[in-house]
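Residue numbers (this note's numbering): -17 to 684.
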């Protein structure tokens, strides 16, 4: 078997946000490529575009293509990037690929570690990547195309050598008894790399006019919401100006308390990061100790009444006079009112919404936490108190945070990254998350809200005149996978009988019979239906929601028992192995004083999330793209998000694509059996929608 190491260097353009080294930027081009056969002492280096090097570009293309044609396996670190550039430059890649970043990621078994070639080389004690050759040149803003050709070649040759040594080191590890089972999932991820490569090349077509409309609606909603939130904040704070973008001030509005000494606050609650950049461990405190620590290190905030500063007459600045009697050129800030122009006198009424932190986990360096998870918990507290203004404020802040993300990450990200031809080429990342599920960037479509109502989807349309956007989505995949792995008979029965589990959730939460549950109540309950699958206990929820979490494991007793088995197994050897062979390892797991297991949420979360979205969904993508190639369709696979596959359907291919998606996804159990020798018991189901855009598709199959 012939193994060829490969590495490309390209130009990089300055972009609005960072740097752009994409082959889809028309100003970028391939500079050079290094290749090296495994087992040979020296490799070859070829230039395609360089300011000073002597080269024959046509001969370089021919030599690299001939080498690729002779290879059985092409090896690279972050190989998808190299293949993307090679294929976009006209090369044909008939051989299999092996990405050493994927190889290292799978061996990490869920543990976080740096996966760059440089860090991987250090960890494996092989020839280190020569980053020092380029650092000073890069700092000067000089790209590969303008660097000294000898330095570029030395650097490029060195990268390929390092990569091949990492490859051999990894193969040694994969032969060890404890890691042999990881090979199949490693190979599957390398196949998925090719599927993702096709999606990135195809990209999605963006209706920029519709994007402008969506952005305008989000902006208008945000502006209206901000005005209302400031009204609510002012109503409980008095005349003191409030900046809701300040974590300190937002903390005061929500909790009605202000830190006395920030340094002492950090010391008491052990806030900050250690030398490794990880959060310091919080001190253990009983509820009484926590309450006393909060009260002794913070003070109540009182509403204020403002009046005009008489010193500056409300201007905020004063005119000082020189000794010679002439005024200074510039006015000086008023020391009395600190330049505000008003003085604020505290009243005897406590300000803010008077919500109470529940434990030390609610403490932050700015006072108290106001992240979305904490705001959701506080919402339950406000509901129990019947504090309608606090309820509206907290709901509004959660929505405001979401709108800010939508505007910056999605609207802004799509505008920045959509090319002049209307195509957006998002980048998929296989080696970021601990569970193996995909992330994406520029923008991160995996981070969009679940469900099919996100307005941004309306901007994704077909590039073909008369084409459609078709999405096939697994139905309740995580619930089915949880039943598959836990062998819970009740989950199996609920799936086979078609029980509406979201209505069951709503029934428990709202204490109403299922037949009386409204559509809105069912929709609101979806957020909780599968939370227990991932280790959720409902500790920060309202009492009626906490009751649901308690009853959930009474209904699905087998799932609860499986969670216990997982925890005991990790306590024994630190490892969980999935049917695919994928493993997760926790080297420092322990039983705490309260009887709970460290990393308990991860231990019950990772298996379900990983087998569903890191194993089953990728296998479905591979099957679908294989069938599309076999049947020579003109439609394009463009995205995979959460549990779905999105296709830009060529006119007239709606029926054939419906068949391909239905078979490729519903019959993925065949692929699981062939690859992993595992027989799935619970059947998988999908829903297919198709329409003029990604948002407004109609159901054509379920």
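Note that the Cβ used here is the ideal one computed from N, Cα and C, for glycine as well. As the structure is a computational prediction, the values presented were derived from the model and not from experiment.
#1: Tell me whether residue -2 sits in a helix, a strand or coil according to DSSP, three-state version.
#2: Quick one: what's got a C-beta closer than 6 Å to residue 600's C-beta in the same chain, skipping five residues either side?
#3: Note down, in chain order, each residue of its chain lying with its Cβ closer than 7 Å to the Cβ of residue 219, except the 5 sequence neighbours on either side.
#4: Do you know how far the Cα of residue 511 is from the Cα of residue 505?
#5: Report yes or no: do three or more beta-carbon pairs, one from the region 461 to 468 and one from the region 587 to 607, lie closer than 8 Å?
#6: Rounded C-beta distance between residue 46 and residue 28? I'm assuming under 8 Å.
#7: DSSP state of residue 18, grouped into three classes?
#8: Tell me the residue span of the beta strand (DSSP E) that contains residue 450.
#9: Could you check whether the Cβ of residue 532 sits closer than 8 Å to any heavy atom belonging to the ligand HEM?
#10: Can the beta-carbon of residue 253 be found closer than 9 Å to that of residue 346?
#11: Might you give, ordered along the chain, the residues of its own chain that have their beta carbon closer than 7 Å to the beta carbon of residue 662, omitting 5 neighbours on each side?
#12: Which of the three DSSP states is assigned to residue 149 in this structure?
#13: How about the region 554 to 571 and the region 163 to 180: do they share at least three Cβ pairs that are nearer than 8 Å?
#14: For residue 374, I'd like the list of residues in its chain whose CB is within less than 7 Å of its CB, leaving aside the five on either flank, ordered along the chain.
#15: Note down the Cα distance separating residue 216 from residue 295, rounded to an integer number of angstroms.
#16: Taking the C-alpha atoms as reference points, what is the distance between residue 302 and residue 314?
#17: Identify every residue that forms a DSSP beta bridge with residue 573.
#18: Figure out for me which residue from 485, 494, 515 and 493 has the closest Cα to the Cα of residue 501.
#19: On the DSSP bridge assignment, give the partners of residue 622 in chain order.
#20: Looking only at its chain, what residues have a beta carbon closer than 7 Å to the beta carbon of residue 231, apart from the 5 residues adjacent to it on each side?
#21: Rounded to whole angstroms, what's the CA-CA distance from residue 612 to residue 605? Just pull it up for me.
#22: Give the range of the beta strand (DSSP E) segment to which residue -14 is assigned.
#23: Give me the residue from 544, 142 and 74 with the minimum Cα distance to residue 20.
#24: Rounded to the nearest angstrom, what separates residue 60 and residue 240 at their Cα positions?
#25: Going by DSSP in three states, residue 257 sits in which element: helix, strand or coil?
#26: With 16 other CB atoms within 10 Å as the buried threshold, where does residue 355 fall?
#27: Is it true that the CB of residue 503 sits closer than 9 Å to the CB of residue 678?
#28: In the structure shown, what three-state DSSP assignment does residue 424 receive?
#29: Using DSSP with H/G/I as helix, E/B as strand and the rest coil, what is residue 321?
#30: State yes or no: is the C-beta of residue 598 within less than 9 Å of the C-beta of residue 456?
#31: Check for me: the beta strand (DSSP E) holding residue 686 runs from which residue to which?
#32: In the DSSP assignment, find the unbroken alpha helix (DSSP H) run with residue 653 in it and report its ends.
#33: In the DSSP assignment, find the beta strand (DSSP E) that holds residue 81 and state where it starts and stops.
#34: In the DSSP output, which residue or residues are listed as bridge partners for residue 187?
#35: With DSSP as the reference, label residue 418 as helix, strand or coil.
#36: Can you tell me which residues form a DSSP beta bridge with residue 332?
Per the coordinate set shown:
#1: In the structure shown, residue -2 falls within a coil segment according to DSSP collapsed to helix, strand and coil.
#2: Residues of the same chain with a CB within less than 6 Å of the CB of residue 600, apart from the 5 flanking positions on each side, are 174 in chain order.
#3: Excluding residues within five positions, the ones whose Cβ falls inside 7 Å are 235, 285, 333 and 334.
#4: Roughly 10 Å separates the two Cα atoms.
#5: Verdict: yes, contact present.
#6: Taking C-beta atoms under 8 Å as the contact rule, residue 46 and residue 28 qualify, at a distance of about 6 Å.
#7: For residue 18, the three-state secondary structure derived from DSSP is strand.
#8: Run containing residue 450: 450 to 456, per the beta strand (DSSP E) assignment.
#9: No copy of the ligand HEM occurs in the structure displayed, which carries no ligand at all.
#10: Yes; because the gap between Cβ atoms is below 9 Å, this pair is in contact.
#11: Counting only Cβ-Cβ distances below 7 Å, and skipping sequence neighbours, we find 466, 651 and 654.
#12: It is helical.
#13: Output reads yes: the region 163 to 180 touches the region 554 to 571.
#14: Within the same chain, residue 374 has close Cβ partners 214.
#15: Rounded to the nearest whole angstrom, the C-alpha separation of residue 216 and residue 295 is 23 Å.
#16: Spanning the two alpha carbons is a distance of roughly 7 Å.
#17: In the DSSP secondary-structure assignment, residue 573 is bridged to 579.
#18: The shortest Cα separation from residue 501 among 485, 494, 515 and 493 belongs to 485.
#19: In the DSSP assignment, the residues bridged to residue 622 are 627.
#20: Once the five neighbours on either side are set aside, the close Cβ partners of residue 231 are 224 and 225.
#21: For residue 612 and residue 605, the gap between their C-alpha atoms comes out near 10 Å.
#22: It spans -15 to -8 - the beta strand (DSSP E) in which residue -14 sits, taken as one unbroken run.
#23: From the listed residues 544, 142 and 74, the smallest Cα separation to residue 20 is found for 142.
#24: When rounded, the separation of the alpha-carbon atoms in residue 60 and residue 240 is 48 Å.
#25: In this structure, residue 257 counts as coil in the three-state DSSP scheme.
#26: With fewer than 16 other Cβ atoms within 10 Å, it is exposed.
#27: In terms of Cβ geometry, residue 678 and residue 503 do not form a close pair [threshold 9 Å].
#28: Residue state, collapsed to three classes: coil.
#29: Residue 321 falls in the coil class under three-state DSSP.
#30: Contact: yes.
#31: Nothing about residue 686 can be read from this structure; the chain reaches only from -17 to 684.
#32: Note, residue 653: alpha helix (DSSP H), 650 to 658.
#33: 78 to 81 is the extent of the beta strand (DSSP E) around residue 81.
#34: When beta bridges are read from the DSSP output, residue 187 appears opposite 405 and 443.
#35: Three-state result, residue 418: coil.
#36: Under DSSP, the beta-bridge partners assigned to residue 332 are 284.
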